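Taken in order, the sequence shown gives residues 25 to 367; the numbers are from this note's numbering.
We put the CB at the ideal spot given by N, CA and C, even for glycine.
These numbers were taken from a predicted model, which means no experiment stands behind them.
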Amino acid sequence: MKFDIPRFKTPWKISLEDHYQTPATLEFAAKYATGSREAWQRLSSNLLDFTKQRLEQMDQTGVELAILSLAPGTENIYDKRRSIEVARRSNDAVADAMRKNPDRFLSFAALPLQDPEEAIKELARCVKELGFVGALISGFSQIGEEDTSYYLDIPMFRQFWAEVEKLDVPVYLHPREPLLSQQKPYEGHPWLLGAAWAFGVETATHALRLIGSGLFDQYPGLRIILGHLGEGLPFSIWRFEHRNELDPRGMNLKKKASVYFYENFYVTTSGNFRTQALINTILEMGADRILYSTDYPYESMVECEEWFRTVDISLEDQIKIGRLNTRKLLKLETRLAKLPKAA
Numbered sequence: 025m026k027f028d029i030p031r032f033k034t035p036w037k038i039s040l041e042d043h044y045q046t047p048a049t050l051e052f053a054a055k056y057a058t059g060s061r062e063a064w065q066r067l068s069s070n071l072l073d074f075t076k077q078r079l080e081q082m083d084q085t086g087v088e089l090a091i092l093s094l095a096p097g098t099e100n101i102y103d104k105r106r107s108i109e110v111a112r113r114s115n116d117a118v119a120d121a122m123r124k125n126p127d128r129f130l131s132f133a134a135l136p137l138q139d140p141e142e143a144i145k146e147l148a149r150c151v152k153e154l155g156f157v158g159a160l161i162s163g164f165s166q167i168g169e170e171d172t173s174y175y176l177d178i179p180m181f182r183q184f185w186a187e188v189e190k191l192d193v194p195v196y197l198h199p200r201e202p203l204l205s206q207q208k209p210y211e212g213h214p215w216l217l218g219a220a221w222a223f224g225v226e227t228a229t230h231a232l233r234l235i236g237s238g239l240f241d242q243y244p245g246l247r248i249i250l251g252h253l254g255e256g257l258p259f260s261i262w263r264f265e266h267r268n269e270l271d272p273r274g275m276n277l278k279k280k281a282s283v284y285f286y287e288n289f290y291v292t293t294s295g296n297f298r299t300q301a302l303i304n305t306i307l308e309m310g311a312d313r314i315l316y317s318t319d320y321p322y323e324s325m326v327e328c329e330e331w332f333r334t335v336d337i338s339l340e341d342q343i344k345i346g347r348l349n350t351r352k353l354l355k356l357e358t359r360l361a362k363l364p365k366a367a
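Written as structure tokens, this is what we have:
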């Protein structure tokens with residue numbers, strides 16, 4: 025399918041953050057349905073669907089290819105055995121959708137990071153056997169007990185990162201809320217939780233932990249994707265770097281902190297349809313590091329397209345952001361040729 029330039033300005037687009045759930049995982053998304061019972065019915069229908077309204081909305085908004093992902097994912101399943109089972113079944117379900125719609129869907133893997141060795145095996149299976157293009161991880165993992173949080177910079181995950189670099193695929197670091205025991209700053213202010221604020225703070229902090237831990241000195245080939253135009257980091261990375269140069273507090277890196285952000289990170293437009301923010305991000309890290317995305321179905325494909333179609337940037341940058349950067353990052357010319365086809 026090809027779309028005409030007058031209607032969409034760019035011939036077609038690739039969307040990096042299009043979420044799904046399975047019947048077994050749908051409960052993970054229930055807390056993000058706001059407003060009414062009808063809102064939850066609409067959200068759950070869109071999350072479960074691979075064949076009707078998702079494709080209809082992609083056609084309507086000029087999205088030829090969507091990279092699917094389970095979000096919220098399995099990170100909140102603190103039972104290791106169950107996390108492994110749910111991740112594998114979710115990946116099998118979306119792989120089936122890919123086989124049935126090979127020209128429209130690819131996917132990021134859901135991973136049972138409660139067991140790093142199993143996560144390594146599952147990522148390898150998804151990339152090598154199922155044709156997935158990377159992984160999406162929704163923040164920290166809970167392991168063994170509910171009130172636990174294991175962030176991806178800690179030593180137990182280093183072998184996982186070694187495998188990610190070896191497989192040469194990106195990881196999308198997706199938001200999640202801090203644990204209930206860590207939500208004291210939000211008490212009495214529920215409007216600060218979720219996507220409005222807490223998501224961005226939590227994910228930006230996680231990304232800075234990755235940088236400050238020396239992860240990218242050890243594995244310089246890693247590529248991390250952040251949504252929502254970088255969770256505020258394009259605006260604040262200079263200050264983070266500047267203050268730590270004056271007072272490093274034990275942080276010992278081979279490069280300036282901002283260089284890791286420019287070299288190892290990409291950001292998407294998901295859920296941040298704001299021209300001023302996009303222009304600031306282009307000025308800070310360049311148009312080559314920005315990728316088109318909606319955050320469907322938590323955000324609207326139509327709203328994203330209406331904004332992006334008229335955004336005041338050059339057509340060259342719009343085409344890069346809309347599709348070319350993603351094709352290059354995910355090596356789609358090679359990967360699409362290797363995809364399993366429908367029987």
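Taking Cβ positions, are residue i and residue j nearer each other than 8 Å?
i	j	result
H43	Y316	no
A53	Q45	yes
K37	E88	yes
I314	N349	yes
F231	E201	First, the residue type needs correcting, since residue 231 is Ala and not Phe in the sequence shown. No, the Cβ-Cβ distance between A231 and E201 is not below 8 Å.
P255	T227	Residue 255 is actually Glu in this sequence, not Pro. A contact, by the Cβ cut-off of 8 Å.
T85	V326	yes
G251	G295	yes
A159	E187	no
V157	V193	yes
D312	K355	no
A134	G168	no
L253	A220	no
L71	L40	no
L216	D177	no
S131	D171	no
What did DSSP end up calling residue i once you bin it into helix, strand or coil?
i	result
F27	Model confidence at F27 stands at a pLDDT of 41, short of 50, so the residue's coordinates are unreliable; what they give is reported in the following sentence. Here F27 sits in coil by DSSP.
H43	strand
I248	strand
E201	coil
E226	helix
L89	strand
I108	helix
K37	strand
Y210	helix
L315	strand
L67	helix
L94	strand
V455	Any answer about residue 455 is impossible in this case: the structure gives the chain only from 25 up to 367.
Y56	helix
T49	coil
N349	helix
Rounded to whole angstroms, what is the Cα-Cα separation between residue i and residue j?
i	j	result
S162	Y196	8 Å
D341	K280	27 Å
L203	L137	17 Å
T263	R123	Here residue 263 is Arg; the residue named in the question, Thr, does not match the sequence. Going from the Cα of R263 to the Cα of R123 covers about 46 Å.
E269	F164	27 Å
R233	E99	18 Å
M309	I248	14 Å
N288	I306	16 Å
K278	L339	37 Å
P214	F184	35 Å
Y102	S173	10 Å
S282	Q65	43 Å
E189	S114	23 Å
A127	R333	Checking the sequence shown, residue 127 turns out to be Asp, not Ala. Straight-line Cα distance between these residues: approximately 23 Å.
Q12	K352	With the chain running from 25 to 367 in the structure shown, residue 12 is simply not present.
K55	G218	9 Å
P179	W331	42 Å
V118	K152	15 Å
T318	F297	9 Å
G245	S324	33 Å
R31	T299	Low per-residue confidence applies at R31: pLDDT is 46, beneath 50, and the placement is therefore not dependable, though the value from the model is reported in the following sentence. Using only the alpha carbons, I get a separation of about 20 Å.
Y284	E62	44 Å
T358	R347	16 Å
E329	D139	39 Å
E106	A48	Reading off the sequence, residue 106 comes out as Arg, not Glu. R106 and A48: Cα-Cα distance of roughly 11 Å.
F129	P199	22 Å
K208	I337	41 Å
Report task. Spell out a yes or no on whether the stretch 103 to 116 and the stretch 84 to 93 are touching, meaning 3 or more CB-CB pairs, one atom from each, closer than 8 Å. Result -> no
Quiz item: In chain order, which continuous runs of the beta strand (DSSP E) of length 3 or greater are located wholly inside the stretch 123 to 180?
Solution: 129 to 131 and 159 to 162
query = Can you list the alpha helix (DSSP H) stretches of 4 or more residues lying completely in the stretch 233 to 304, in chain order?
reply = 239 to 242, 257 to 270 and 281 to 288
- Query: Is it a yes or a no for the stretch 137 to 151 touching the stretch 67 to 86, going by three-plus beta-carbon pairs under 8 Å?
  - Reply: no
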